[in-house]
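Trainee: Residue numbers (the working numbering): 92 to 364. The beta carbon of each residue, even a glycine, is placed where N, CA and C say it ideally should be.
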């Protein structure tokens, strides 16, 4: 859905729109369910806002830029750097030591996803300038994602707070960064929202990808070590394969092997107590 809408609306505007729509949905859910914000130390609030500014604001913005420089497959392949970076930050700042089984599960999951994404990388040859810029921006984005995840995990370790609230606070921090990067020349594209199909597609994609996505990610960070949560989050490209089969596309043996490898890693991670 984002790919289709993105042909008509700039990525930075889409990023801001999906954040605004998801934020309204999150606060509506909080009000409907009566989830009051517990007494929170201001430092934890700041921690969650910074977490969103890093992971959603900088991390997602960097991903859109990398898509432009390196293409979708290379950008997704570089996304697999996030779990090991998260594991490193979790070890340094949270003292989260992972067992050998957990490390094996993370490695299998990352390798399976990378094996699938790296298939058919016959994309256009890139100028060396774009290649190095893309790699540098991607590393910045993955570092921001990892730092954001660890900050969220640190907040959960200090207070019992509902993931709906942490998702809303993180998204608020991320949107502050998006507004800073918004180019005034892009404001004219908001006129295209008058088209019901475009607006409907954006709302549905924001519900599935941002509202549910961030809420469920925060739930996983509440109950699992940061590295494991990030490794499981990195499997999202695998879910494209069943959709490709339903669309009548052929899925190669290589892709099947990659999925099996990733499922094996996930099984190890989910089997941990």
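Looking at the unbroken alpha helix (DSSP H) that takes in residue 298, where does it start and where does it end?
Mentor: Within the chain shown, the letter at position 207 stands for residue 298. Run containing residue 298: none; DSSP gives neither H nor E here.
Trainee: Which of the three DSSP states, helix, strand or coil, is assigned to residue 121?
Mentor: Looking up residue 121 in the chain shown gives position 30. Note: residue 121 maps to helix in three-state DSSP.
Trainee: With 16 other CB atoms within 10 Å as the buried threshold, where does residue 325 fall?
Mentor: Here residue 325 corresponds to residue number 234 of the chain shown, with the count starting at 1. The residue is buried, with at least 16 neighbouring Cβ atoms inside 10 Å.
Trainee: Out of 248, 103, 323, 119, which one is the CA nearest neighbour of residue 150?
Mentor: Taking the first residue of the chain shown as position 1, residue 150 is located at position 59. For residue 150, the nearest C-alpha among the options comes from 103.
Trainee: Rounded C-beta distance between residue 362 and residue 267? I'm assuming under 8 Å.
Mentor: Along the chain shown, one-based indexing puts residue 362 at 271. Along the chain shown, one-based indexing puts residue 267 at 176. 39 Å between Cβ atoms; not a contact.
Trainee: The alpha helix (DSSP H) with residue 321 in it runs from where to where?
Mentor: Taking the first residue of the chain shown as 1, we reach residue 321 at position 230. Unbroken alpha helix (DSSP H) run through residue 321: 317–324.
Trainee: Spatial neighbours of residue 346 within its chain, please: CB distance less than 7 Å, with the 5 preceding and 5 following residues excluded, ordered by chain position.
Mentor: Walking along the chain shown from the start, residue 346 turns up at place 255. Correct list, in chain order: 207, 210, 332.
Trainee: Measure the CB-CB distance between residue 359 and residue 181 and report whether it falls below 8 Å.
Mentor: Start at 1 with the first residue of the chain shown, and residue 359 comes out as number 268. Start at 1 with the first residue of the chain shown, and residue 181 comes out as number 90. No, these two residues do not count as a Cβ contact at 8 Å.
Trainee: Can the beta-carbon of residue 74 be found less than 8 Å from the beta-carbon of residue 233?
Mentor: Since the first residue of the chain shown is 92 and the last is 364, residue 74 is not available in this structure.
Trainee: What would DSSP say about residue 338, mapped onto helix, strand or coil?
Mentor: By 1-based counting over the chain shown, the position of residue 338 is 247. Coil.
Trainee: Does the distance from the C-beta atom of residue 121 to that of residue 273 stay below 8 Å?
Mentor: The residue you call residue 121 lines up with position 30 of the chain shown. The residue you call residue 273 lines up with position 182 of the chain shown. The answer is no: Cβ separation not under 8 Å.
Trainee: Quick one: grab the DSSP three-state call for residue 357.
Mentor: Reading the chain shown from its first residue, position 266 is the one you call residue 357. Three-state result, residue 357: helix.
Trainee: Which complete alpha helix (DSSP H) runs does the stretch 172–254 hold, if anything under 4 residues is left out?
Mentor: Listed in chain order, they are 173–185, 191–208, 219–249.
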